[in-house]
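Asker: The structure under discussion is supplied below as structure tokens; questions concerning it will follow.
Protein chains: 2
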Amino acid sequence: MADARAAGALAARTSGTVRIVGAGLLGSSIGHALSRLGVDVALADASPAQLRLAVDYGAGRREADGDDPALIVVAVPPDVTADVIQRELAAYPNAVVTDTASVKLEPLTALRERGVDLAKYIGSHPLAGRERGGAISARADIFIGRPWVVCRDEETASADLAIVEGLALDLGATPVEMSPDEHDRAVALVSHVPQLVASLLAGRFTGAPDEFLGLAGQGVRDTTRIAASAPELWVQILGANAQPVVDVLDALAVDLASVADALRDPDAPGSRRAVADTIRRGNDGVGRLPGKHGQKRRFEQLVVMVDDTAGQLGRLFGELGELDVNVEDLRLEHSPGAQFGLAEISVVPSAVERAVRGLEARGWKIASTTND
Amino acid sequence: MADARAAGALAARTSGTVRIVGAGLLGSSIGHALSRLGVDVALADASPAQLRLAVDYGAGRREADGDDPALIVVAVPPDVTADVIQRELAAYPNAVVTDTASVKLEPLTALRERGVDLAKYIGSHPLAGRERGGAISARADIFIGRPWVVCRDEETASADLAIVEGLALDLGATPVEMSPDEHDRAVALVSHVPQLVASLLAGRFTGAPDEFLGLAGQGVRDTTRIAASAPELWVQILGANAQPVVDVLDALAVDLASVADALRDPDAPGSRRAVADTIRRGNDGVGRLPGKHGQKRRFEQLVVMVDDTAGQLGRLFGELGELDVNVEDLRLEHSPGAQFGLAEISVVPSAVERAVRGLEARGWKIASTTND
């Protein structure tokens with residue numbers, strides 16, 4: 002479907018080869034998506050093993066002498082991004098060069114300091130990824146519906162901008178124009194600091210007794226899920242975006258000290274208020290995050306008890322289909338030791354009553370219905 | 002099924018009425034579960050409206066003159082827990098009194114200071130809950146597979162302990178004996194501080210531009226999900242467990258300052274190492290949290306593309322049932338604007354190959370398979 006929707010737009014604009022340097026998760030995923038669209042994808046990677054994997058898995062062909070790419074995508078680790086961009090601009094002076102690095106100001110500054118002509122360079126950053134990296138984890142669909150930041154400047158030719166934004170569109174992403182500085186402050190806030198906070202919180206568990214951790218529930222599991230991220234990449238990302246990250250960390254430290262001080266003397270005047278304000282500000286802040294379907298659309302949930310046997314979910318979703326109820330989202334809660342789980346199903350508000358009545362008539366136990 | 006598993010154990014031990022004071026989420030949920038087991042449940046609540054709801058929804062009957070409960074469960078807000086325990090001990094001297102408050106030392110200390118005879122009181126805390134409270138959100142199954150902390154002491158009679166632990170067992174929970182102090186330090190670490198951290202992080206979003214928040218992905222959504230919690234209850238909980246919470250917050254503040262200092266001078270010797278150690282400690286810590294199915298059991302995931310039309314999930318799960326593949330867990334990723342979603346399905350390792358082959362033979366597109 003994505004294939005049909007996006008077909009050919011980039012191919013039409015570039016009428017040629019797309020060269021991808023770096024066949025890891027992002028590079029290979031872009032390669033898969035472009036290959037499906039019929040674009041000639043030439044892959045390069047410093048690691049012969051990674052390159053072989055990417056080619057074997059269908060992300061594109063190996064680079065070849067005489068390749069004349071219209072677009073080059075640099076998808077290498079942050080610490081070598083500037084070097085590779087510089088090299089590619091020199092080697093293919095007619096190509097538009099973009100990159101996928103998750104920090105935008107540092108490579109640009111490095112390239113400017115070296116006096117590199119950046120007329121054909123347009124930095125970009127697809128906000129897509131997976132918990133696991135490498136060509137082997139690549140997926141053509143990871144960009145669909147995600148923002149793809151594109152950093153134009155005054156020297157950017159609009160035809161070149163169209164090529165990079167076309168790449169984003171062809172892969173199902175939404176191009177978002179931002180300055181490198183805005184981008185870096187935004188990702189510090191919504192990605193880099195959340196990673197550090199999850200890591201710091203989970204780090205406090207290392208010295209705790211097993212019995213303490215045994216009381217953990219879904220809340221803390223969600224809060225620390227991304228603490229499982231690999232250190233190597235994050236050291237580079239955080240190092241390359243240090244100042245914006247420090248700015249958010251410092252503000253967070255002030256907030257943390259203030260609520261800790263209130264709790265140091267919980268009966269003092271103003272202490273309850275300070276704690277309540279912290280929780281309330283959190284309510285407001287989390288309410289501003291776009292949901293899976295974007296900020297506006299809201300669903301209602303119904304929770305259905307499901308036996309822990311093969312086929313039960315099939316029957317449930319089959320019957321929802323018969324009721325013409327589309328499942329917008331779902332979470333399966335499954336307790337250790339329990340012989341059944343709870344399927345929390347999100348549906349559009351107009352479908353709630355139809356779903357509940359229909360399912361109950363078919364013998365399902367609805368544990369609850371709630372608003373999002 | 003849970004009914005069959007646990008049937009009658011408590012009824013046998015108490016051979017009488019269980020009185021539940023406070024018909025909110027926890028009290029009503031206990032009432033529902035006990036009523037299903039055939040136990041006579043007498044409900045009391047300071048709010049006539051809440052009590053009416055709980056009775057109407059089947060959590061038990063109204064309290065009556067002449068009730069002679071063998072067990073009393075106090076399930077009221079933290080700030081009135083000690084008062085209600087004291088009152089219940091006086092009113093029903095033959096009954097064992099327990100409570101469900103999420104802080105254990107403060108009410109105990111208050112009762113001791115008042116010189117209350119606590120021989121028949123055994124504090125407890127079921128680690129169960131939902132994002133929404135009230136009798137209307139009550140569910141008999143929220144205790145299944147969860148820990149239920151029981152705080153015995155030297156004056157606790159073992160017959161009385163058996164009644165409280167029997168309650169936990171009958172509701173499908175696992176009794177865990179801890180001292181009040183241990184309990185409070187444990188929940189500070191795995192529940193109260195994670196709540197504050199999520200709130201503080203989300204609080205930083207209140208002043209940010211919309212475009213910044215537009216770059217948010219699943220990572221930050223998970224990290225801040227519980228920031229949506231209601232302030233009223235949390236102000237009480239945090240106030241009642243202030244010292245253990247402050248201890249963890251102070252340690253966290255030191256860790257945070259240390260990684261911020263490293264990033265202030267990212268090229269200094271030791272800075273990369275300090276950042277890497279933060280991420281690595283987070284890896285270790287999150288690895289110690291028990292998973293949904295307990296720590297040991299591990300699943301593999303396969304990601305299947307699913308059209309965004311009614312009935313598609315039904316077909317998928319129906320066919321997984323035909324293949325005799327049990328779905329252990331699942332997450333539906335659904336991107337804004339996309340016409341399909343990705344169903345990430347967890348299955349036992351031995352079922353992965355059967356699932357992938359079978360689904361592909363039936364025309365499903367498997368986006369990837371990964372290890373947990």
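Quick mapping for you: the protein sequence lines, in order, are chains A and B.
Using the numbering used here, the first residue of the first sequence is number 2, and each one after it goes up by one.
Using the numbering used here, the first residue of the second sequence is number 2, and each one after it goes up by one.
Backbone N, C-alpha and C define an ideal beta-carbon position, used for all residues, glycine too.
(1) According to the Cβ coordinates, are Val151 of chain A and Ile123 of chain A closer than 8 Å?
(2) In terms of residues, what are the limits of the beta strand (DSSP E) holding Ser30 of chain A?
(3) Check distances from the C-beta atoms of the stretch 251-272 of chain B to those of chain A and list, in chain order, the residues that come in under 7 Å.
(4) Taking the continuous beta strand (DSSP E) assigned at His126 of chain A, which residues delimit it?
(5) Looking at Ala136 of chain A and Ala60 of chain A, is the spacing between their C-beta atoms short of 8 Å?
(6) Which partner residues does Ile346 of chain A have in the DSSP bridge list?
(7) Quick one: what does DSSP say Trp149 of chain A is sitting in, helix, strand or coil?
(8) Just list the residues that DSSP pairs Ala362 of chain B with in beta bridges.
(9) Under 8 Å: do the stretch 231-242 of chain A and the stretch 164-172 of chain B share three or more Cβ pairs, one atom per stretch?
(10) For the candidate residues B:Leu172, B:Ser138, B:Asp182, B:Arg62, whose alpha-carbon lies nearest to that of Thr110 of chain B?
(11) Taking all protein chains shown into account, decide if Arg363 of chain A is buried (16 or more other Cβ within 10 angstroms of its Cβ) or exposed.
(12) Once you ignore the five residues that flank Gly295 of chain A on each side, which residues in its own chain have a CB closer than 7 Å to its CB?
(13) Using only CA atoms, which one of A:Leu314, A:Trp235, A:Asp330 lies nearest to Val328 of chain B?
(14) Using only CA atoms, which one of A:Leu321, A:Ala344, A:Pro350 lies nearest to Gly359 of chain A?
(15) Would you grab the beta carbon distance between Val85 of chain A and Val74 of chain A for me? Rounded to a whole angstrom, and I think it's under 8 Å.
(16) Straight-line CA distance for Gly67 of chain A to Glu361 of chain B?
(17) On a CA-only basis, which of A:Gly25, A:Ile145, A:Ile227, A:Asp100 is nearest Leu119 of chain A? Give me that one, please.
(18) Is there a C-beta anywhere in chain A that falls below 8 Å from the one on Ala8 of chain B?
(19) Name the one or two DSSP bridge partners that Ile73 of chain A has.
(20) So if DSSP puts Thr175 of chain B in a beta bridge, which residue, or which two residues, is it bridged to?
(21) So is Gly208 of chain B buried or exposed if we call it buried at 16+ other beta carbons inside 10 Å?
(22) For Ala160 of chain B, does the three-state DSSP call read helix, strand or coil?
(23) Under a CB-based cut-off of 8 Å, is Arg355 of chain B close to chain A?
(24) Asp256 of chain A and Leu201 of chain B: beta carbons closer than 8 Å?
(25) Just to confirm the assignment, what range does the alpha helix (DSSP H) spanning Ala45 of chain B have?
(26) Would Leu290 of chain B and Leu214 of chain A qualify as a contact pair, given that the criterion is a beta-carbon distance under 8 Å?
(27) For Val97 of chain B versus Ala71 of chain B, is the C-beta distance shorter than 8 Å?
(28) What separation, rounded to the nearest whole angstrom, lies between the Cα atoms of Gly204 of chain A and Asp285 of chain B?
(29) For a quick check, are the C-beta atoms of Gly283 of chain A and Ala199 of chain B less than 8 Å apart?
(30) For Leu375 of chain B, which residues from the same chain have a beta carbon less than 7 Å from its beta carbon, with the 5 sequence-adjacent residues on both sides left out?
(31) DSSP has Arg63 of chain B in a bridge; who is on the other side?
(32) Considering Gly204 of chain A, what are the terminal residues of the alpha helix (DSSP H) in which it resides?
(33) Run the CB neighbour count on Arg226 of chain B, radius 10 Å, all protein chains shown included, and call it buried at 16 or more, exposed below.
(34) Determine, using beta carbons only, whether Leu52 of chain B and Ala83 of chain B come nearer to each other than 8 Å.
(35) Decide if Ser351 of chain A is buried, meaning its Cβ has at least 16 other Cβ atoms within 10 Å, or exposed.
(36) Within 10 angstroms of its Cβ, does Asp1 of chain A collect 16 or more other Cβ (buried), or is it exposed?
Answerer: Considering the structure as presented:
(1) Yes, Cβ-Cβ distance for Val151 of chain A and Ile123 of chain A is below 8 Å.
(2) Counted as a single uninterrupted DSSP element, the stretch harbouring Ser30 of chain A is not any beta strand (DSSP E) but the alpha helix (DSSP H) occupying residues 26-37.
(3) Taking 7 Å as the Cβ-Cβ cut-off, the stretch 251-272 of chain B approaches chain A at Asp251, Ala252, Leu253, Ala254, Asp256, Leu257, Ala258, Val260, Ala261, Leu264, Arg265, Pro267, given in chain order.
(4) Counting along the chain, the unbroken beta strand (DSSP E) around His126 of chain A starts and ends at 122-127.
(5) Result yes, Cβ atoms of Ala60 of chain A and Ala136 of chain A sit closer than 8 Å.
(6) According to DSSP, which records beta bridges pairwise, Ile346 of chain A is partnered with A:Leu303, A:Leu331.
(7) Trp149 of chain A: strand per DSSP, three-state reduction.
(8) For Ala362 of chain B, which the question treats as bridged, DSSP gives no partner whatsoever.
(9) The stretch 231-242 of chain A, when compared against the stretch 164-172 of chain B, does not touch it at the 8 Å Cβ threshold.
(10) Of the candidates B:Leu172, B:Ser138, B:Asp182, B:Arg62, the one whose C-alpha sits nearest the C-alpha of Thr110 of chain B is B:Asp182.
(11) A residue is called buried once 16 or more other Cβ atoms fall within 10 Å of its Cβ, and Arg363 of chain A, having fewer, is exposed.
(12) Here the model assigns Gly295 of chain A a pLDDT of 44, short of 50, so the residue's position is not dependable and the matter cannot be decided.
(13) When each option's Cα is compared against that of Val328 of chain B, the closest is A:Leu314.
(14) Of the candidates A:Leu321, A:Ala344, A:Pro350, the one whose C-alpha sits nearest the C-alpha of Gly359 of chain A is A:Leu321.
(15) No, Val85 of chain A and Val74 of chain A are not in contact; Cβ-Cβ is about 11 Å, not under 8 Å.
(16) Gly67 of chain A and Glu361 of chain B: Cα-Cα distance of roughly 39 Å.
(17) For the set A:Gly25, A:Ile145, A:Ile227, A:Asp100, the Cα lying nearest the Cα of Leu119 of chain A is the one of A:Asp100.
(18) For Ala8 of chain B, the pLDDT reaches just 41, beneath the cut-off of 50, and the residue's location in the model is therefore unreliable, leaving the point undetermined.
(19) According to DSSP, which records beta bridges pairwise, Ile73 of chain A is partnered with A:Arg20, A:Val98.
(20) B:Pro148, per the DSSP bridge assignment.
(21) That one is exposed.
(22) In the three-state reduction of the DSSP assignment, Ala160 of chain B falls in the helix class, which pools H, G and I.
(23) Not closer than 8 Å to any Cβ of chain A, the Cβ of Arg355 of chain B fails to qualify, so no.
(24) Going by C-beta atoms, Asp256 of chain A is nearer than 8 Å to Leu201 of chain B.
(25) Unbroken run through Ala45 of chain B is the beta strand (DSSP E), 42-45; no alpha helix (DSSP H).
(26) Yes, they are a contact pair.
(27) Result yes, Cβ atoms of Val97 of chain B and Ala71 of chain B sit closer than 8 Å.
(28) So the alpha carbons of these two residues sit roughly 7 Å apart.
(29) For the 8 Å CB-CB criterion, Gly283 of chain A and Ala199 of chain B form a contact.
(30) This structure leaves residue 375 of chain B out entirely; chain B is present only between 2 and 373.
(31) In DSSP, Arg63 of chain B forms a bridge with B:Leu44.
(32) Here the alpha helix (DSSP H) through Gly204 of chain A covers 194-204.
(33) With 16 or more Cβ atoms within 10 Å of its Cβ, Arg226 of chain B is classed as buried.
(34) No.
(35) Looking at its Cβ environment, which holds fewer than 16 other Cβ atoms inside 10 Å, Ser351 of chain A is exposed.
(36) The displayed coordinates of chain A run from 2 to 373. Any statement about residue 1 of chain A would go beyond what the structure contains.
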